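Just so you know, full-length UniProt numbering puts the end of the sequence shown at 319, numbered straight through with nothing missing.
Accompanying notes for the structure given below.
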Amino acid sequence: RAKKAGRGRYEIFDHEMHTQALKLFDLETDLRKAIQQQEFEVYYQSILCLKSLKLVGFEALIRWQHSKKGLIHPGVFIPVAEETGLIIPMGQIVLNQACHQLKTWQNKFSLSQNLTVSVNLSSQQLRESEIINQIDTILEKTGLESNYLKVEITESLLIENTAIATIILKKLRERNIAICLDDFGTGYSSLSYLHRFPVDTIKIDRSFINRIGEPDAKLEIVQSIITLAHNLGMNIVAEGIETQEQLTYLQSLQCDFGQGYFFSKPLNKEQTETLLTD
Ligand code: C2E
Ligand code: MG
Ligand code: MG
Ligand code: MG
42 RAKKAGRGRY
52 EIFDHEMHTQ
62 ALKLFDLETD
72 LRKAIQQQEF
82 EVYYQSILCL
92 KSLKLVGFEA
102 LIRWQHSKKG
112 LIHPGVFIPV
122 AEETGLIIPM
132 GQIVLNQACH
142 QLKTWQNKFS
152 LSQNLTVSVN
162 LSSQQLRESE
172 IINQIDTILE
182 KTGLESNYLK
192 VEITESLLIE
202 NTAIATIILK
212 KLRERNIAIC
222 LDDFGTGYSS
232 LSYLHRFPVD
242 TIKIDRSFIN
252 RIGEPDAKLE
262 IVQSIITLAH
272 NLGMNIVAEG
282 IETQEQLTYL
292 QSLQCDFGQG
302 YFFSKPLNKE
312 QTETLLTD
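Right, dumping it as structure tokens:
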């Protein structure tokens, strides 16, 4: 009897795995088509100087304009893109669009001349030194000067790919491309990494910012991260600012930069242009 039950369970499990695999395959097929048919669009979220409240740049965030399903957010497809290697062509699309768009805005609006764009890189992209050639080609083709491009990476990426990441980050540094450590505070937060890698900017994760003003706020952590960044000569960006109270608190701690729905949601390029007209 026990054997039978065991076998039955196995069959159910197997069936679920099969369904899961099919779903993944659907998404993978869809993603391949989307790359060919250019269904990806970069959205731009404003980053502001918290002292002057002036716009300093944007974070580039990918969106999928699916022909039948509408707008799809990256949380849904980035994991599959990473699993299947499709993140490589996808990452190139984002870099290309973001650099091209910023250069266009710099030419078109005098207000945009010193704005920067930050592009998220996944660990797969940093596993190949080919990324440097891709970036060089894109900068040359779009005419964007390298110091206006920034990259965002996570700590786990540094820990999983220490050797190759060290080489690639050094090459980015040589090109004056700033390196931002994204989602800080959620991962390992190993302080030794801050010394070992040429990090310019720390982005405090949204989960710390959106608790400011609530009973379970981890204010000491926010405070410590800001002090740490400043002591190391790094800039700090607060992610996910949603209220005036959060902004006021971060200003009182001399947090350099911020982004969040309080200022602006990520916008498509037409919507973003309305912020730039002068
Ligand atoms: P991230 O790099 O930490 O990006 C910030 C995310 O927080 C974005 O979500 C943004 O829309 C959201 N956000 C910003 N301010 C607020 C706020 O005030 N409240 C709330 N609730 N959310 C806010 P999004 O665009 O869905 O992106 C999610 C993640 O997907 C990104 O997190 C990043 O890890 C990844 N991602 C996005 N675009 C790309 C890309 O082009 N390449 C790669 N490799 N990853 C990307
Ligand atoms: Mg980011
Ligand atoms: Mg983040
Ligand atoms: Mg993230």
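Idealized CB from N, CA, C, for every residue including glycine.
These numbers come from a predicted model, not from an experiment.
Asked: Beta-carbon proximity check, residue 72 vs residue 127, cutoff 8 Å; Found: yes
Asked: The segment 139-158 in contact with the segment 182-198 per 3-pair CB rule at 8 Å; Found: yes
Asked: Residue 305 versus residue 265: straight-line alpha-carbon distance, rounded; Found: 27 Å
Asked: Distance, residue 205 Cα to residue 170 Cα; Found: 7 Å
Asked: Local Cβ density within 10 Å of residue 312, reported as buried at 16 or more and exposed below that; Found: exposed
Asked: Any non-hydrogen atom of ligand 1 within 7 Å of residue 237 CB; Found: no
Asked: Any non-hydrogen atom of ligand 1 within 7 Å of residue 163 CB; Found: yes
Asked: Residue 212 beta carbon less than 8 Å from that of residue 173; Found: yes
Asked: Among 210, 209, 200 and 255, the one whose alpha carbon lies nearest that of residue 233; Found: 200
Asked: Beta-carbon proximity check, residue 159 vs residue 116, cutoff 8 Å; Found: no
Asked: The beta strand (DSSP E) enclosing residue 81, as first and last residue numbers; Found: 81-90
Asked: DSSP bridge partner residues for residue 105 (one or two, in chain order); Found: 81 and 113
Asked: Buried versus exposed call for residue 223 [16 or more other C-beta atoms within 10 Å across all chains shown]; Found: buried
Asked: Three or more C-beta pairs below 8 Å linking the segment 98-114 and the segment 74-85; Found: yes
Asked: Bounding residues of the beta strand (DSSP E) (the contiguous stretch that carries residue 320); Found: Since the displayed the chain opens at 42 and closes at 319, residue 320 lies outside it and no answer follows.
Asked: Sequence-distant residues of the same chain with beta carbon closer than 6 Å to residue 243, five excluded per side; Found: 222, 225, 270, 275 and 277
Asked: Length-filtered (3 minimum) beta strand (DSSP E) runs lying within the segment 261-309; Found: 276-279
Asked: Residue 228 in three-state terms, based on DSSP; Found: coil
Asked: Three-state secondary structure assigned by DSSP to residue 192; Found: strand
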